[in-house]
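Anchor point for the first sequence: position 278 equals 277 in numbering that gives the first Met the number 0, and the numbering is continuous, going up by one each time.
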Amino acid sequence: MIREESAYEVIGDKSNFPEWYDQVLSAAGIIDMRYDMKGMVVWLPYGLSIMKFLIKRWDELFQKNGIEETYFPLFVPIKYCEKNESWWNGFKDEGYKVIAGEGNEIQGAIRPTGEPAMYPMFSMWTRSRNDLPIRIYETVSSYRYETKQTKPLIRAREITHWFEIHTAHATKEEAANELELHVKFYDEIYEKMLALPAFRVNKPIWECFPGAVGAYEYYSYMPDGRVMENGSANNLGQAYAKKFDVKYADENGKEQYCWMICTGNGARFIAAAFSEHGDKKGLILPPYIAPIQVVIVPIIFKGNEAEVYKYAEKVKTKLESQGIRVHLDTRSNMTPGKKYFFWEVKGVPVRLEIGPKDVEKDQVVVSTRFDAKKEFVKLDKLDITGTLSNIHNAMYAKSKKRLEEGIIFANTNKEVVKLLDEKKIAKVYWCGNRDCYDKISKIGEGFEAFGTSVEKKGSGKCLSCNKEAHETLYIAKSY
RNA sequence: GGGCUCGUAGUCUAGCCUGGUCUAGGAUCCGAGGUUUGGGACCUUGUGACCCCGGUUCAAAUCCGGGCGAGCUCACCA
C-alpha cells in the first residue's frame, strides 16, 4: 500500500504539468536531461526509436509526394546569413558561431535554421523554368542560444530531429497548391500517427516573414491549458527569392523571382503526444509510433518455465507475422507486477499476460494501456491489429474532444479572462484590424491572440472595436 | 532581461529554522548470494552524497557573503 502511493508520487499527475513532464520523460527512458549543457539532452534508445518511427513516416509521406531528401552543411557562411539582413541583425546574438584556426577566427554560423544554408544554393540551381519546381527537405538539428528557460523537446538550444521542406515554384498558384499539400502532411501526421487533432490557424500577415503571402501554424493544446506552436507552413511569396536572388528565366527570357514555400517542425510533435495522452502512470503511446506495440509478460512458476516460454514464443511469432512489433520480456529477476509497471511507464499500448493456466486453455490475457482493461482471449480469436486500431481511434477521439471542449466563444473581455483562468482557449470575433488584434492580446497578462480560424466564418462584432467582423480569433496563454 | 524558489549518493528525500553523538538517517537504484514469480516479493550483504569559494565560530550540511547551477513565473521567441 505504501509502495503504491510512493509509486504515484514518482510520476505525479498532470495537474503539476511541468513536473509531470520531466518525470515522465526520465522514467519512460525517453531522454536523459542530466547532460551538462543547457538546452541539450541525451536521447535514449527508447525515446529515439519513437522519434525515428515518426521520422520514417514523414520520410515516406514527403518522398511519396515527390519531395526529395537532402543534407546541407551544419556550418553556414556568415555572408549567406547576411543576405537576409534584417533577420540576421535580430538573430546574431542567438546564433552560435564556429571558431577555429590560429586566430580563433569566425568561420561561420552553426545552422540556426535552414534558409540561409539552402537558399543561396537555390539561387545557383534555378536558371530556367525547366529547373522548377525545386522540392526538397532535410531532417537535421538546428541551434539557437536560447537565453531563457529551456524545456526538453519543446524549447531547446539544440533543436533536434527537425524537418524542413523548402520548395521553389514558377507561379504563385503552384506555390499555393504546394502549401495545401503540406497541410495534408500535417493532418496525416497528427491524426494518423500521433492520435491528436490537427489544430491549424491562419497567422495574420504581420506575424509572417516580411513580404510573405501568409502562413499556417499548428498548435497543441497542452494539459496546463497553454497552447504550443507545433508546426508551421509558410507561403513566403517572393520575399525570400528577392533576398537570396532565387530567380529563373521565363519562356520569354525574362527573369522572374520564384514563389517559395517552407514548412517545418520536429520533436515537439512527440512532446505534444506524450503530454496529451500520458497519465499518472506514465506515457500512453499512440500505437503507430510505439516502437513496441505489444509486450508479452510470461508468468513463470517453478517447473513450468519451458511450456510458458514456448507458448509465448508461438504467440510472438504469430503476431510478428501480422506485422506487429512485439517484445517478449524474459527477464527472470523481475516479478510480473514489476514488469507491468515498467512497460506501463513506457506507454506500450498492449500487454499480453501468459501464464500456465492460459497455456492450458490456449488463451492470453489482453491488457490495454489506454483504458486499463483486461480480458481473456482465445488465441485463434486474437486480433491485435484490430485492438491497436481501436486504441488509436479512441485516443484520437478523446484528445479531439478535449480540444473541442477547450475552445469556447467569448463575447466580452471579462469572459476571455475567465476562460483563460479556467485553462480554456477563447474564441472571439475580430474585425481584421491590427490594432484590435494587439489590444485583444493585451486583455490579460501572458495572453496571446495566436491566429484566426481556418474554418468557415460567421459574422459578429469585433471584441475590441465592436465593428462588423467576419474573422474569429483564438486567444490563449502560449509557450 | 525582471520577479520568486531551490542546490545532500544514479534518483527521491530526512537533517538546516534553534551550529555540537552527523562517524550525515531513510527509500529506491546498482553489485554479490539465496529464495521467489497471476500487479512494484523477501532475506543476507556490499558500494555510493552535504555544488564551489570565502567569512563568522572552539566547532558549519546547518548561519552570513559571493560565485556557479537548476526550477517556476512575467516580458520576448519555433
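Where is the CB? At the ideal position from N, CA and C, for every residue including glycine.
With C-beta atoms as the reference, is residue i less than 8 Å away from residue j?
i, j, result
"residue 157", "residue 140", "yes"
"residue 277", "residue 343", "no"
"residue 479", "residue 201", "Look at the range of the chain in this structure, 0 to 478, and you will see that residue 479 is not part of it."
"residue 111", "residue 94", "yes"
"residue 128", "residue 169", "yes"
"residue 387", "residue 286", "yes"
"residue 400", "residue 473", "no"
"residue 363", "residue 376", "yes"
"residue 467", "residue 458", "yes"
"residue 190", "residue 136", "no"
"residue 134", "residue 247", "no"
"residue 30", "residue 222", "no"
"residue 335", "residue 307", "no"
"residue 480", "residue 198", "Because the chain spans 0 through 478 in this model, residue 480 falls outside it and cannot be assessed."
"residue 345", "residue 28", "yes"
"residue 208", "residue 240", "no"
"residue 153", "residue 270", "yes"
"residue 398", "residue 196", "yes"
"residue 390", "residue 406", "no"
"residue 475", "residue 449", "yes"
"residue 412", "residue 442", "yes"
"residue 115", "residue 144", "no"
"residue 203", "residue 20", "no"
"residue 52", "residue 383", "no"
"residue 252", "residue 234", "no"
"residue 220", "residue 381", "no"
"residue 455", "residue 469", "no"
Rounded to whole angstroms, what's the CA-CA distance from residue i to residue j? Just pull it up for me.
i, j, result
"residue 225", "residue 477", "5 Å"
"residue 461", "residue 232", "27 Å"
"residue 368", "residue 230", "28 Å"
"residue 119", "residue 192", "34 Å"
"residue 309", "residue 60", "39 Å"
"residue 321", "residue 353", "19 Å"
"residue 256", "residue 131", "12 Å"
"residue 210", "residue 453", "21 Å"
"residue 11", "residue 228", "26 Å"
"residue 186", "residue 105", "42 Å"
"residue 273", "residue 358", "35 Å"
"residue 254", "residue 123", "14 Å"
"residue 215", "residue 96", "31 Å"
"residue 373", "residue 262", "42 Å"
"residue 22", "residue 438", "38 Å"
"residue 312", "residue 83", "59 Å"
"residue 16", "residue 420", "16 Å"
"residue 355", "residue 365", "15 Å"
"residue 171", "residue 236", "7 Å"
"residue 39", "residue 138", "18 Å"
"residue 92", "residue 100", "22 Å"
"residue 81", "residue 87", "6 Å"
"residue 65", "residue 265", "20 Å"
"residue 360", "residue 351", "15 Å"
"residue 98", "residue 298", "58 Å"
"residue 317", "residue 330", "21 Å"
"residue 385", "residue 371", "17 Å"
"residue 284", "residue 440", "35 Å"
"residue 194", "residue 319", "23 Å"
Below 8 Å on the Cβ atoms is my guess for residue i versus residue j; work out the distance and round it to an integer in Å.
i, j, result
"residue 260", "residue 160", "In fact, because the Cβ distance is near 21 Å, the residues do not count as touching under 8 Å."
"residue 347", "residue 314", "No, residue 347 and residue 314 are not in contact; Cβ-Cβ is about 15 Å, not under 8 Å."
"residue 36", "residue 25", "At roughly 17 Å, the Cβ-Cβ gap does not stay under 8 Å, so residue 36 and residue 25 are not in contact."
"residue 245", "residue 340", "Contact doesn't hold; Cβ gap of about 55 Å is too wide."
"residue 77", "residue 107", "6 Å"
Quick one: any contact between the segment 39-56 and the segment 170-178, if contact means 3 or more CB pairs under 8 Å? no
contact_flag[the segment 325-337, the segment 390-400] where n(CB pairs < 8 Å) is 3 or more: no
Tell me the start and end of each unbroken alpha helix (DSSP H) in the segment 1-53 that is at least 4 residues and wholly inside, in chain order. 1-10 and 16-26
Only counting runs of 4 or more residues, tell me where the alpha helix (DSSP H) segments fall wholly within the segment 408-452, in order along the chain. 412-420 and 433-440
Can you check the segment 203-289 for any alpha helix (DSSP H) of at least 4 residues that lies completely inside it and give the ranges in chain order? 238-243 and 267-276
At what residue ranges does the segment 289-334 contain a whole run of the beta strand (DSSP E), taking only runs of 3 or more? 293-297 and 325-327
Are there three or more Cβ pairs, one per stretch, closer than 8 Å when the segment 48-59 is compared with the segment 70-84? no
Could you give the uninterrupted runs of the beta strand (DSSP E) lying entirely in the segment 339-414, keeping only those of 3 residues or more? 349-353, 362-367, 372-377 and 406-408
Please go through the segment 73-104 and give each complete beta strand (DSSP E) segment of 3 or more residues, from N-terminal end onward. 96-99
Could I get the ranges of all uninterrupted alpha helix (DSSP H) runs contained in the segment 160-193, with 4 residues as the minimum, in chain order? 171-187
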